[in-house]
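Chains A and B are the protein sequences, given in the same order. Quick note on my numbering: the first sequence kicks off at 1 and runs consecutively. Quick note on my numbering: the second sequence kicks off at 454 and runs consecutively. Note that the Cβ used here is the ideal one computed from N, Cα and C, for glycine as well. Read through the structure below, which is laid out as structure tokens, and then see the notes.
Protein chains: 2
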Amino acid sequence: MGQQKALLFHGAVIHSVSPTDLEILESALIITDTDGQIILFEKNADHVPDVLNLPTHPDLKIDDVEIHRLSEGEFLIPGLIDTHNHAPQYPQRGQGQGLHILDWLSAVTFPKEAKFADPEYARRVYARCIDGFLKQGITTAAYYASAHGEATRILADLCLAKGQRALVGKCNMDRNAPDYYRDASVEESLAVTEECIAHIRRIDPHSTLVQPVLTPRFAITCDPAALAGLGAIAAREPDLPIQTHFNEARQEMAATKELFPQFACETDLYAHFGLLGPRSILAHCCYMSEYELQRFVELGCGIAHCPVSNMTIGGGFMTAPVREFLRRGIKVGLGTDSGGGFSSSVLDAMRQALIASNAREVMSEGKDKGLAIEELFYMATLGGARVCSLEGKVGNFAVGKEFDACLISTVVEDQIMTMVEADDTLKVVFEKFAMTGDDRNITHVFVRGRRVK
Amino acid sequence: MGQQKALLFHGAVIHSVSPTDLEILESALIITDTDGQIILFEKNADHVPDVLNLPTHPDLKIDDVEIHRLSEGEFLIPGLIDTHNHAPQYPQRGQGQGLHILDWLSAVTFPKEAKFADPEYARRVYARCIDGFLKQGITTAAYYASAHGEATRILADLCLAKGQRALVGKCNMDRNAPDYYRDASVEESLAVTEECIAHIRRIDPHSTLVQPVLTPRFAITCDPAALAGLGAIAAREPDLPIQTHFNEARQEMAATKELFPQFACETDLYAHFGLLGPRSILAHCCYMSEYELQRFVELGCGIAHCPVSNMTIGGGFMTAPVREFLRRGIKVGLGTDSGGGFSSSVLDAMRQALIASNAREVMSEGKDKGLAIEELFYMATLGGARVCSLEGKVGNFAVGKEFDACLISTVVEDQIMTMVEADDTLKVVFEKFAMTGDDRNITHVFVRGRRVK
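Okay, structure coming up:
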């Protein structure tokens with residue numbers, strides 16, 4: 001058994017069962033075991049039981065359980081999932097607005113990321129980064145680290161120590177990056193990747209929290225031999241997730257096409273190197289042809305939708321066809337894309353996904369209907385879990401999953417969230433939180449049953 | 454002389470001189486008199502003087518002055534100006550996303566606003582509303598109150614008591630609104646308006662802080678006789694500002710056209726009733742023909758740009774042609790449009806104005822270039838002051854203006870703002886604040902030299 005206490009929560013619970021099915025429960029009961037696994041989820045429970053009588057856990061006594069009775073104005077939601085996040089860009093959020101994507105990389109991002117060659121700097125900034133995202137209720141993050149092996153291992157160590165569920169990948173970039181910041185060679189790029197994978201497997205052998213992820217920055221910065229090498233690792237390790245930037249911006253797509261004229265599109269390119277499948281997390285996907293959409297369905301790829309950066313950084317205003325992804329059953333979650341995205345909040349990503357979808361509705365002349373709040377919240381939780389291939393573990397409160405959750409209080413001392421009124425239904429309270437709440441309303445954060453905020 | 458202490462600030466100051474000219478001063482000196490008027494503004498001052506020697510204020514001694522030495526990481530900006538805000542919608546921010554504008558009014562807004570018939574409710578909610586906006590650094594707000602006379606007077610009383618600069622208008626709505634919430638007749642609508650004007654003139658005879666504003670909700674809810682009556686008041690009172698909703702959404706414009714078939718456009722309609730001129734604050738202006746743009750230039754009208762509500766509430770995704778307004782010299786400021794807009798922050802309005810302008814750039818095929826951070830900040834401060842006809846009093850730190858300001862700290866205990874690094878220039882620190890800071894970074898707020906946060 002684990003080192004934690006078993007937990008019991010009684011009160012309002014809100015979670016997604018599907019993109020359109022949001023369960024809003026006034027009075028639910030959730031119990032976890034000492035490993036943070038959900039062992040009971042009763043949707044209607046009028047009180048905390050005096051005695052536990054769980055056939056699966058006959059030895060668990062009510063006196064051994066840490067009991068949380070939610071007050072009026074409090075409710076539980078699943079932990080928020082950030083499917084696309086550049087940890088070393090944490091100190092540059094909001095900087096360089098208005099620059100085109102490749103110019104922004106050269107002028108702002110590469111000089112900043114290069115600083116992570118210094119392990120002390122990495123330790124200091126990554127500690128703040130993880131704290132900052134846990135504070136925002138982000139229980140799972142898919143992180144791109146910098147290109148540096150040591151800094152990447154530090155990021156993984158810190159995620160484990162601080163208790164954040166994370167995918168951590170050393171960024172592969174052996175070309176089209178400045179001399180002062182790139183992998184020395186394809187061989188070095190792959191060797192450092194292998195070291196990072198081995199390190200993460202060593203510190204968390206059962207992937208309880210931290211997993212490695214293959215992270216070619218994008219094809220522009222990867223020699224074909226590097227992509228082939230990563231593809232070989234992917235073939236060898238069938239559970240290893242893969243993340244990259246995909247059909248993000250016209251400028252990026254044109255540069256990719258010039259480097260890889262033999263491929264009709266990025267789907268063909270990455271598929272050729274064995275990097276597309278059910279464990280692939282493709283960030284952005286703003287421009288998707290009918291062919292690429294079909295291939296995504298066949299391949300089972302997941303999409304990290306990053307509305308904030310899509311509409312700011314990157315030379316213009318891009319809106320991914322999220323309605324189309326949902327319609328076809330393509331997995332889709334939300335990414336803050338911090339620091340291309342200016343916000344470190346998945347709640348902000350939800351709001352901006354709403355705005356992007358409204359734009360999309362207008363631009364598609366009504367074909368791609370704007371997203372509903374249920375769909376936005378699904379992407380922020382269960383959808384994100386699916387994209388990260390973690391839906392068996394997290395994303396909602398199904399029995400058997402691990403308890404990653406945020407306790408929301410809609411009445412805190414210092415808040416900007418819309419005031420709750422006596423006649424508000426729980427649905428309205430949830431809507432007010434989703435549209436106007438912030439980290440101050442996220443009073444407790446749990447990952448695998450451990451309180452991390 | 455006033456009842457306050459004279460103030461002295463020494464340190465970093467950032468303010469707008471024009472839409473494109475942002476002054477970023479590392480070490481400035483600002484002194485106010487005891488009435489909160491700026492009597493000295495030195496752009497480069499290496500220290501706080503030991504002796505004051507002001508020809509205009511020979512009696513002011515340094516010992517009588519409250520001295521604020523700004524620390525590293527602190528800077529002053531002008532108070533933020535919210536040119537469009539529905540005070541009674543404060544408790545509904547974020548509610549009813551996805552509803553079309555007229556449906557949203559019926560389903561959410563009118564029932565909520567009707568509650569302000571109860572003066573106790575009005576007192577309680579308006580107190581929280583004003584506190585909430587002051588907390589966000591909003592030193593001036595152009596408020597639509599509800600239709601109720603007493604609640605409107607309460608809002609004005611509270612703005613004065615709490616020290617917020619405000620335009621306060623009783624909302625005129627004698628038709629096309631539910632029986633339970635509308636003016637009983639045109640006569641009553643106008644009589645209550647006159648009472649509110651008289652009340653505000655009585656409590657603040659020199660308009661030091663609070664001014665009345667004519668507030669026909671929009672032509673849909675106003676009988677022609679009501680508009681004519683308001684036009685007559687405007688003609689009688691040449692300093693009285695006027696605010697209404699203007700060319701907001703297709704659904705609204707079509708309904709207006711049906712009610713007023715004799716007018717080719719809303720410009721002709723409101724101009725006919727004597728409601729368009731240099732003191733008019735027109736909210737939204739999403740759809741503007743060449744003719745209407747030209748008329749706005751001739752008439753000197755100002756525009757309250759409300760990007761958050763334009764892109765969420767109201768049935769779709771609307772982007773006002775702000776680049777075009779700036780190009781033609783039409784006055785334009787930012788409005789939160791709380792509660793149609795889900796945010797109570799002008800910083801959020803800046804960020805969403807950036808996003809709306811990026812969309813506009815794409816939709817106009819590059820003609821309407823996206824807005825720069827200088828232009829966004831101008832709209833949030835000096836531009837807003839011009840829209841409210843207050844540029845002689847506030848908007849930046851020119852000598853002779855009143856001291857409405859926010860003291861920004863970029864290093865506070867609990868913040869989500871991007872961390873500042875040792876090598877960041879003041880421009881970068883400002884950019885990080887503008888894109889990622891929030892009310893927690895606004896540590897002090899002053900209106901007319903009085904500290905209100």
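**Study point:** Cβ distance (whole Å) where Thr789 of chain B is taken to contact Asn538 of chain B below 8 Å
**Key:** 6 Å
Check your understanding: Taking C-beta to C-beta, are Ser480 of chain B and Ala459 of chain B nearer than 9 Å?
Key -> no
Point to revise | Same chain, Cβ closer than 7 Å to Ser797 of chain B, five either side skipped, listed in chain order | key: Arg546, Gly585, Phe586, Gln589, Thr789, Ser791
Check your understanding: Arg748 of chain B lies in the alpha helix (DSSP H); which residues open and close that run?
Key -> 743-752
Review point. Secondary structure at His652 of chain B, three-state DSSP: helix, strand or coil?
Key: helix
**Study point:** Sequence-distant residues of the same chain with beta carbon closer than 8 Å to Leu25 of chain A, five excluded per side
**Key:** Ala12, Val13, Ile14, Lys43, Asn44
**Study point:** Coil, strand or helix - Leu269 of chain A by DSSP
**Key:** helix
**Study point:** Burial state of Gln550 of chain B, where buried means 16 or more other Cβ atoms lie within 10 Å
**Key:** buried
Check your understanding: With a Cβ-Cβ cutoff of 9 Å, do His10 of chain A and Leu29 of chain A count as a contact?
Key -> yes
Check your understanding: Where DSSP assigns a beta bridge to Gly786 of chain B, which residues make up the other side?
Key -> B:Ala757
Review point. CB Arg901 of chain B to CB Arg618 of chain B, shorter than 9 Å?
Key: yes
Check your understanding: Excluding five sequence neighbours on each side, which residues of the same chain lie with their C-beta closer than 8 Å to the C-beta of Leu426 of chain A?
Key -> Ala12, Ile14, Ile24, Glu26, Phe75
Point to revise | Per-residue contacts from Ser400 of chain B into chain A (C-beta, under 9 Å) | key: Absent from the structure is residue 400 of chain B, since the part of chain B shown begins at 454 and ends at 906.
Review point. Which same chain residues, not among the five before or five after Glu365 of chain A, have their C-beta less than 6 Å away from its C-beta?
Key: none
**Study point:** Beta-carbon proximity list for His500 of chain B, same chain, < 8 Å, skipping 5 on both sides
**Key:** His463
Review point. If you drop the 5 nearest sequence neighbours on each side, which residues of the same chain put their C-beta closer than 6 Å to that of Ala114 of chain A?
Key: Tyr180, Tyr181
Review point. Within 9 Å (strictly less), CB to CB, does Thr765 of chain B reach chain A?
Key: yes
Point to revise | Three-state class that DSSP yields for Tyr121 of chain A in the structure shown | key: helix
Check your understanding: Relative to the C-alpha of Ser559 of chain B, which residue among B:Thr593, B:Val666, B:Pro631 is closest?
Key -> B:Pro631
Review point. Met1 of chain A: buried (16+ other C-beta within 10 angstroms of its C-beta) or exposed?
Key: In this predicted model, Met1 of chain A has a pLDDT of only 43, less than 50, meaning its place in the structure is not dependable enough to derive any value.
Check your understanding: Listing by chain order, which chain A residues have their CB less than 9 Å from the CB of Ala825 of chain B?
Key -> Gln97, Gly98
Check your understanding: Can you find a CB in chain A that lies within less than 9 Å of the CB of Ala681 of chain B?
Key -> no
Point to revise | Contact set for His725 of chain B: own chain, Cβ-Cβ below 8 Å, skip 5 residues either direction | key: Phe716
Practice item. Return no unless some Cβ of chain B is closer than 9 Å to the Cβ of Lys432 of chain A. Key: yes
Check your understanding: Buried or exposed: Gly79 of chain A, going by 16 or more other Cβ atoms within 10 Å of its Cβ?
Key -> buried
Practice item. Please confirm if Leu587 of chain B has its CB atom under 9 Å from at least one CB of chain A. Key: no
**Study point:** Per-residue contacts from Glu814 of chain B into chain A (C-beta, under 7 Å)
**Key:** Gly316, Phe317
Review point. When the cut-off is 9 Å and only beta carbons count, does Leu558 of chain B lie next to chain A?
Key: no
**Study point:** Per DSSP, the bridge partner or partners of Ala169 of chain A
**Key:** According to the sequence provided, residue 169 of chain A is Gly. The question's Ala does not apply to it. Looking at the DSSP assignment, Gly169 of chain A forms a beta bridge with A:Tyr144.
**Study point:** Close Cβ partners of Val864 of chain B (< 7 Å) along its chain, the five nearest in sequence each way excluded
**Key:** Gly526, Val873
Review point. So is Val882 of chain B buried or exposed if we call it buried at 16+ other beta carbons inside 10 Å?
Key: buried
Check your understanding: What are the residues of the stretch 496-527 of chain B that lie near chain A, defined by any Cβ-Cβ distance shorter than 9 Å?
Key -> none
**Study point:** Cβ of Arg901 of chain B within 9 Å of any chain A Cβ
**Key:** no
Practice item. Give a yes or no on whether 9 Å exceeds the smallest Cβ distance from Glu421 of chain A to chain B. Key: yes
Check your understanding: Within 10 angstroms of its Cβ, does His284 of chain A collect 16 or more other Cβ (buried), or is it exposed?
Key -> buried
Check your understanding: Using a C-beta to C-beta distance shorter than 8 Å, which residues of chain A count as neighbours of Gln545 of chain B?
Key -> Thr418
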